[in-house]
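The structure appears right after this line, and notes come after that.
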Amino acid sequence: MTRINLSEWALANRSLVTYFMVLLGVLGVWGYFHLGQSEDPPFTFRIMVVRTIWPGATADEVDRLVTDRIEEKLQELDSLDFLRSYSRPGESQVFVLYREDVARSTIPDSWYQTRKKVNDIRHLLPPGVIGPSFNDEFGDTFGNIYALQGKDFSYEELKDYADRVRDRLLRVRDVAKVEFIGLQEERIFVDMANTRRAQLGIPPDLIARVLAQQNDVSPAGDFDTSTDKIYLRVSGGLSRVDQLKQLPIEFNGRTFRLGDVAEISRGYQDPPGPRMRFNGENAIGIAVSMEKGGDIIRLGKALDAEFETLNQVVPMGMQLSRVADQPRAVTRATNVFVRALGEAVIIVLIVCFVSLGTRVGLVVMASIPLVLGMTFAAMHYFGIGLHKISLGSLVIALGLLVDDAIIAVEMMAVKLEQGYDRVKAAAFAYTSTAFPMLSGTLITAAGFLPIALAKSSTGEYTVSIFQVVTLALLLSWIAAVIFVPLLGYKLLPEKGLSDDGKAHDEHAVYHTKFYNRFRKLVQLCVNRRWSTIGITVGLFVGSLVLFSTVPQQFFPASTRLELLVDLKLPEGASIDQTEKAAKRLEGLLTDVDGLESFVAYIGSGAPRFILPLDQQLPAASFTQFVLNTRDYKAREAIRAHLIEILPQEFSEARWRVNRLENGPPVGYVLQYRVSGPDRDIATIHAEKIAAAMRANPYPRGIHLDTAEPSKVIHVTIDQSRARSLGVTTSSVSQLLETAINGATVTQFREDNKLISVVMRGPPREREHLELLSSLAVPTASGANIPLAQIARLEYSFEPGILWRRNRAPTITVRADIYDDIQPPEVVAQLAPEIAKIEAGLPTGYRIEVGGTVEDAAKGQGSVNVGMPLFLLAVFTVLMIQLRSFSQSIMVMLTAPLGIIGVASFLLLFGQPFGFVAMLGTIALLGMIMRNSVILIDQIRQDLEHGRSPFDAVVEATVRRLRPIVLTALAAVLAMIPLSRSVFFGPMAVAIMGGLFAATVLTLLFLPALYAAWFKVPRSTSNGNGGSASHHAVAVEGSLP
1 MTRINLSEWA
11 LANRSLVTYF
21 MVLLGVLGVW
31 GYFHLGQSED
41 PPFTFRIMVV
51 RTIWPGATAD
61 EVDRLVTDRI
71 EEKLQELDSL
81 DFLRSYSRPG
91 ESQVFVLYRE
101 DVARSTIPDS
111 WYQTRKKVND
121 IRHLLPPGVI
131 GPSFNDEFGD
141 TFGNIYALQG
151 KDFSYEELKD
161 YADRVRDRLL
171 RVRDVAKVEF
181 IGLQEERIFV
191 DMANTRRAQL
201 GIPPDLIARV
211 LAQQNDVSPA
221 GDFDTSTDKI
231 YLRVSGGLSR
241 VDQLKQLPIE
251 FNGRTFRLGD
261 VAEISRGYQD
271 PPGPRMRFNG
281 ENAIGIAVSM
291 EKGGDIIRLG
301 KALDAEFETL
311 NQVVPMGMQL
321 SRVADQPRAV
331 TRATNVFVRA
341 LGEAVIIVLI
351 VCFVSLGTRV
361 GLVVMASIPL
371 VLGMTFAAMH
381 YFGIGLHKIS
391 LGSLVIALGL
401 LVDDAIIAVE
411 MMAVKLEQGY
421 DRVKAAAFAY
431 TSTAFPMLSG
441 TLITAAGFLP
451 IALAKSSTGE
461 YTVSIFQVVT
471 LALLLSWIAA
481 VIFVPLLGYK
491 LLPEKGLSDD
501 GKAHDEHAVY
511 HTKFYNRFRK
521 LVQLCVNRRW
531 STIGITVGLF
541 VGSLVLFSTV
551 PQQFFPASTR
561 LELLVDLKLP
571 EGASIDQTEK
581 AAKRLEGLLT
591 DVDGLESFVA
601 YIGSGAPRFI
611 LPLDQQLPAA
621 SFTQFVLNTR
631 DYKAREAIRA
641 HLIEILPQEF
651 SEARWRVNRL
661 ENGPPVGYVL
671 QYRVSGPDRD
681 IATIHAEKIA
691 AAMRANPYPR
701 GIHLDTAEPS
711 KVIHVTIDQS
721 RARSLGVTTS
731 SVSQLLETAI
741 NGATVTQFRE
751 DNKLISVVMR
761 GPPREREHLE
771 LLSSLAVPTA
781 SGANIPLAQI
791 ARLEYSFEPG
801 ILWRRNRAPT
811 ITVRADIYDD
821 IQPPEVVAQL
831 APEIAKIEAG
841 LPTGYRIEVG
851 GTVEDAAKGQ
861 GSVNVGMPLF
871 LLAVFTVLMI
881 QLRSFSQSIM
891 VMLTAPLGII
901 GVASFLLLFG
911 QPFGFVAMLG
921 TIALLGMIMR
931 NSVILIDQIR
941 QDLEHGRSPF
951 DAVVEATVRR
961 LRPIVLTALA
971 AVLAMIPLSR
981 SVFFGPMAVA
991 IMGGLFAATV
1001 LTLLFLPALY
1011 AAWFKVPRST
1021 SNGNGGSASH
1031 HAVAVEGSLP
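First residue of the sequence shown? That's 1 in my numbering, and the numbers climb one at a time after it.
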C-alpha cells in the first residue's frame, strides 16, 4: 500500500492549497486582533480566608476557643494543603490553602466544602461570636484605580459623586466590578458625659431604648375594605438630626430633650477605617476590575475615553486622577515583546537569506507569517490570550517553527540543484524528511510537556509556554509539508540538464572546499571515537561542576515601574498614629526626582492592582505606599534612596521597599518557620535563627511575625462587693464599651442610606486614661458609684498576634534581601548555623525553610513529576521513528550535552538559573534530540541505500550539516531579542548556550558515539567522501 505524499498532493491541488493558505492567513489576522490581552496569565488563587470576630476576647482566648476549633474541623478537607492562621484580640483569621495538584475546576467545590464544614461547628463557638465569614475572591484584580479628591468637599459629597462615577463605569464594556477604597462611613454621634448622666440619675440604657423605640419600623396594620386595601402609617421615625435634638426623654416624672443632655453631631466613623491618600491628600479610591476573558487594551481605551469625559464634568474643586493603569503597563510590555518578535523575525530571515539564498529565503519568509497566523487562530480557539508568558513563548517558538520549513525547502533546493523537477523535488523532500521532521517536532514539543503536567501555581502560571510552542511547532510541520512545497514550486528555479545534456551530479553540492574540510573533521572524530567521547564526557562533567556556581533564582522581579513601600508600626498602634507616620513619609517623597505620583493605603495594603501582588490584609498599624516612577532608571534610584534613608527616618517602625513580583506571590524572600507545641519555646529558637541571620550581611529587616505585645488595662472587679450592689461583669463591660468606643443604638434613614446612630462618651472621657477610675457605674438601686470602688486597674501587656500553621503554634522569622544576591545563596550560607539550632530543638519541634526557596522547590518538584512522562513520550516517538532500542537510547544520550553550554552561557552573561531557565533547559533536551533523530534517521536511510557503515555515518553528517546548523542558528539568534527580557532572559540565554554547544557536539560526538556503539570499522578517507573498500565492510550483526 502506497502512503500518501502530502507535498505531492499539495502540488497537484495548488488552487485548493492556495485558498487554504489565504483563508488561514485571514483567520490568523482576525484571531490576533480578537485575542484577549492581559498583563499576566490567569492562575487560580487556591485560598480562602475564614474570618471570625469575638468582641472583647484576648488573642489567646481567640486562639484556643475559636481558631483551633475551626482548624480542627477544616483538617477534614480532602483538598487541603495546609492551614495558616492568626489570632488577634477579638479577631480570628484562618487561611485555607488547597493542594496545587487539585484541578482548578474543583476549587469552587472546595470553597463550598469549607463553608459547609465551618457552618457545621458554628454552634460550638463561644457565645457572642460574629461570623464566621468567608472570602474567596482573592484573585480579583483591580487594574485601573482612580483617586477622587476635593479639599473643600466632605467625604459624603465625594461619595455622592463617586457613586455617579461608578454607575457610569459599570456601563463600560468589559468592566466587571467597581469598588470604593478608603471610604469613611457616616455616623451620627450622641455624646453624653458619664458624669452628666450620673447627676441626672439616668440609666445608661434608657436613651438607647428610647432612640430604638422612636425609630422603629413596625407594621401598624391595614384596612381591607370591599374595594380597597388601606395601610396605616405611624409617624415618629427620625429623618433629620434636629429631630434627634428635640427628642423628648422622660424619666422619674421629668421630661427633657436629648439635645439638652447630650452633644449630637454628624461625622464619620471613629476611629477611622482604612483610608487612602493620593499625592499627600485624602482621596476616595475607585477601583475597576475586568471581566474574565476581557481585553485589557480595549478596556483601557474605553476607560480613557470615559475618564476624559468625567474630568470635563467634574464639579469645580474636585479632581479625578489615575492611580493605577494596567492597560498602559500591558501596552508597554506588549510593545516590548512585539518588538522582540519582529527583531527575531528579521534575524531569522537574515540567516535564511545569507545561508540559503534569496529564493529559498523568500520561501521561509513567506512561511513565517503563515505559521504565526495559524498559531494566533489556534490560540483564539483554545482561549489562550496575549500576555507576558504567551508573547515570550511566541518569540521562543519563532526560532523553532522555521526549522521544518528550512529542512523541507533546503532538501527541495538541493534536489533542484541536482536536476530534479520541482514536483519530484518536493515529493522527495517529503519522503525523506517529513516523518523525521514530525518525530523531531513531537520530541521538541515533548520537551515542554513537564510544564503542562506541573500541578502547581508556578506551572499554571507558565503553562502557556507549552501550549503556544506546541501549537506553533505542530502547525509549522503542517506548513512545511503542504504549504512550503507550493511556495517552493512558485519561487525556486529548476536547474534542468547541464550543458552536455546530462543530469547534474547529485553529490557535487557536498564536495565544495567547506564540505570537504568538515568531512575530514567528522572522519577524524569517527576514527578517534573514544577520544571524542572522552573529551565530551569530560566537558559534561566539568559543566556540572561549573553549574554549581550559577546563582539560583525563583522568578525575577517585575519590570513594572511601581515600587511598594511598607511601614509597620508596633502591634497595637492606632490608625491615627499610622497616618502620622504615613504623612512623614509623604513629606520625604514630595520632591524626589523621577517620582510621578504616590498613593498611600493606611490601615490596609493596596488592592490587587496586579495579579501577582502579595496582598496585605487590613491592620491599623500598617500602611502601604505604591510609588509610580518615571522609568526603570528612576525606579532603581528611588529604591536605593529609600533603602538608605528609611532606617534613620523610621527607626521605630518596620519598613520594606520592594519591586513588584513576577509569578505567584511569595512575600518575604527569606523565611524560617519554627513550629512546636509550646509557643514560648518556639520563640526562643526563632530568636536564635534571627540572631544567625543578623550575623549575615545580606538579610535586611529581620523580624519575627509574632510582633510586639499589645498594651492592656485589666479591670479587676471585686466580685463580692459588685454583686452586693447589683453590678455584674457584663454591665461593666457594656458601660465601658459604650462610653469609650460607642454603641450603635439605631439607624438614621436618609434617602437610600442607613446611617448608624452611635451613643458614646465625650472626647475627654474617651481619650484620658486617668478618668477611667472615676467612671460612674450605675447600681441596682439607681445610684452611681465610681468604678474604682468596685475594681482596680492593672496595666499590663498581652500577645498582639498569635500565628499557627496546621494547628501548631508557629513563629516565622522573615527578612528581605536588597543586595545583588539570590535567596538560595543566602540560605546556603545560613545552613550550617540553622543546622546547629535545629540539632538543639526539643522533641516535637521543627524548622522549615519558607519564602522563595520553598516556593521554588515546590515549582521544581511539580515539573519533575512530569519528567517520566516526558521521557516515555520521547522514547515512544523515537521507537516509532527509528524502530531500534539502541538508536533511540543513543539519541537520548545526546540530550544532556546542552548542559555544557547552559552553564557556560549563564555564567558568561551573568544570568541566574531560575524557574523559567529550568523550563528552558528541560525544553532544550527536546530541541537537541530533534537534531539527533534527524541525523540518526539519515544514517539509517543511507545504510538502507547500500552505503558502507563508515561512509553512511560520515556522509549523513555532512549532508545534514546545513539544515542542522541553520535550524540551530535560527533558534539561537532568534533568542537574542528575548535575552534582554528580565523574565525570559535567563531562559533565552540557557537555550542559546545549550543549543550552540549541543549542535556542535551532535555533529561531532554523535557520529563518534554511533561508530563506537555499533563498532563501525575505522577507515582512511581521501577527504572526498570515498573510503577504502576493505575498511567499509561491516561486521555481520553489528549494525541495527
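The C-beta atom is built at its ideal place from N, Cα and C for all residues, glycine as well.
Kindly indicate if chain C contains any beta-carbon less than 9 angstroms away from that of residue i.
i: ILE478; result: The structure shown contains no chain C; it is built from a single protein chain.
Using only CA atoms, which one of the options lies nearest to residue i?
i: LEU370; options: ILE991, VAL17 and LEU24; result: LEU24
i: VAL336; options: ARG962, GLU39, GLY761 and PRO778; result: GLU39
i: ALA573; options: TYR1010, ILE785 and ILE602; result: ILE602
i: GLY201; options: ALA780, GLY920 and ALA808; result: ALA780
i: SER321; options: PHE1014, GLU281, ALA344 and ILE297; result: GLU281
i: ASP78; options: SER154, ALA619, ILE130 and LEU97; result: LEU97
i: ALA1092; options: PHE518, ILE837 and TYR818; result: Because residue 1092 is not part of the residues shown, which for the chain are 1 to 1040, the question remains open.
i: SER476; options: ALA452, LEU400 and MET412; result: LEU400
i: ILE790; options: THR810, THR728 and LEU869; result: THR728
i: GLY236; options: ILE230, TYR632, PRO248 and THR227; result: PRO248
i: ASP718; options: GLU708, ALA472, VAL732 and ALA707; result: VAL732
i: THR462; options: GLU494, LEU391, PHE1005 and TRP530; result: LEU391
i: GLN269; options: LEU170, LEU169, TYR155 and THR227; result: TYR155
i: GLY605; options: GLY273, MET918, GLU770 and ASN527; result: GLY273
i: PRO271; options: GLY850, GLY851, ALA990 and ILE740; result: ILE740
i: ARG46; options: LEU793, GLU100 and PRO832; result: GLU100
i: GLN911; options: ILE834, ARG266 and ASP820; result: ASP820
Which stretch, first to last residue, makes up the alpha helix (DSSP H) that contains residue i?
i: ASN931; result: 915–944
i: PHE435; result: 422–446
i: ARG517; result: 513–527
i: LYS301; result: 296–313
i: ARG992; result: Reading the sequence as shown, one finds Met at residue 992 and not Arg. Where MET992 is concerned, the enclosing alpha helix (DSSP H) stretches over 985–1013.
i: TRP111; result: 107–120
i: ALA12; result: 6–12
Would you mind giving the Cβ-Cβ distance between residue i and residue j, rounded to the nearest angstrom? I have them listed as a contact below 8 angstroms.
i: GLY761; j: ALA193; result: 7 angstroms
i: ILE286; j: ALA162; result: 6 angstroms
i: SER367; j: ALA445; result: 18 angstroms between Cβ atoms; not a contact.
i: PHE913; j: PHE555; result: The Cβ separation is near 12 angstroms, so there is no contact.
i: ASN135; j: VAL49; result: 4 angstroms
Over the uninterrupted beta strand (DSSP E) stretch that includes residue i, give me the two end residues.
i: PHE256; result: 254–257
i: PRO809; result: 808–817
i: PHE950; result: Premise fails: PHE950 lies in the alpha helix (DSSP H), 949–978, not in any beta strand (DSSP E).
i: SER85; result: 80–88
i: GLN37; result: Neither: GLN37 is in no beta strand (DSSP E) and is coded neither H nor E.
i: TRP477; result: Not the beta strand (DSSP E): TRP477 falls in the alpha helix (DSSP H), residues 457–478.
Whole beta strand (DSSP E) elements within the region 758–801, 3-residue minimum
For the region 758–801, the continuous beta strand (DSSP E) assignments of 3+ residues that do not extend past its boundaries occur at 776–778, 784–786 and 791–798, in sequence order.
Does the region 916–932 come into contact with the region 988–1003, if we say contact requires no fewer than three beta-carbon pairs (one atom in each stretch) closer than 8 angstroms?
A contact exists between the region 916–932 and the region 988–1003.
Touching or not, the region 664–677 and the region 845–862, by the rule of three or more beta carbon pairs under 8 angstroms?
yes
Check whether the region 961–973 touches the region 987–996, counting contact only when three or more Cβ pairs, one atom from each stretch, lie closer than 8 angstroms.
Contact between the region 961–973 and the region 987–996 is present, because at least three Cβ pairs lie under 8 angstroms.
Can you give, in chain order, each stretch of the alpha helix (DSSP H) that sits fully within the region 571–647 and has at least 4 residues?
575–589
What are the complete alpha helix (DSSP H) segments, minimum 4 residues, inside the region 350–400?
List check, alpha helix (DSSP H) in window: 358–381.
Continuous beta strand (DSSP E) assignments of at least 3 residues falling wholly in the region 680–757
699–704, 710–717 and 743–750
Could you tell me whether the region 481–495 touches the region 426–435, where touching means 3 or more Cβ pairs closer than 8 angstroms?
yes
Is it the case that the region 445–462 contacts the region 851–865, given that we only count it when at least three CB pairs across the two stretches are under 8 angstroms?
The answer is yes - the region 445–462 touches the region 851–865, with three or more Cβ pairs under 8 angstroms.
Does the region 933–948 come within contact of the region 576–587, defined as at least 3 CB pairs closer than 8 angstroms?
no
So within the region 842–906, which uninterrupted alpha helix (DSSP H) runs reach at least 4 residues, ignoring any that extend past its ends?
851–865, 867–882 and 885–894
Hey, is the region 944–962 in contact with the region 980–992, meaning 3+ C-beta pairs nearer than 8 angstroms?
no
For a minimum of 4 consecutive residues, which ranges assigned as the alpha helix (DSSP H) are wholly contained in the region 123–206?
As for any alpha helix (DSSP H) of minimum length 4 sitting wholly inside the region 123–206, the runs are 155–169 and 194–200, ordered along the chain.
Using 8 angstroms as the threshold, is the region 517–526 in touch with the region 613–621, meaning 3 or more CB pairs across them?
no
Does the contact criterion of 3 or more C-beta pairs under 8 angstroms hold for the region 733–749 versus the region 149–165?
no
Segment contact flag, the region 752–759 with the region 168–182, C-beta cutoff 8 angstroms, min 3 pairs
no
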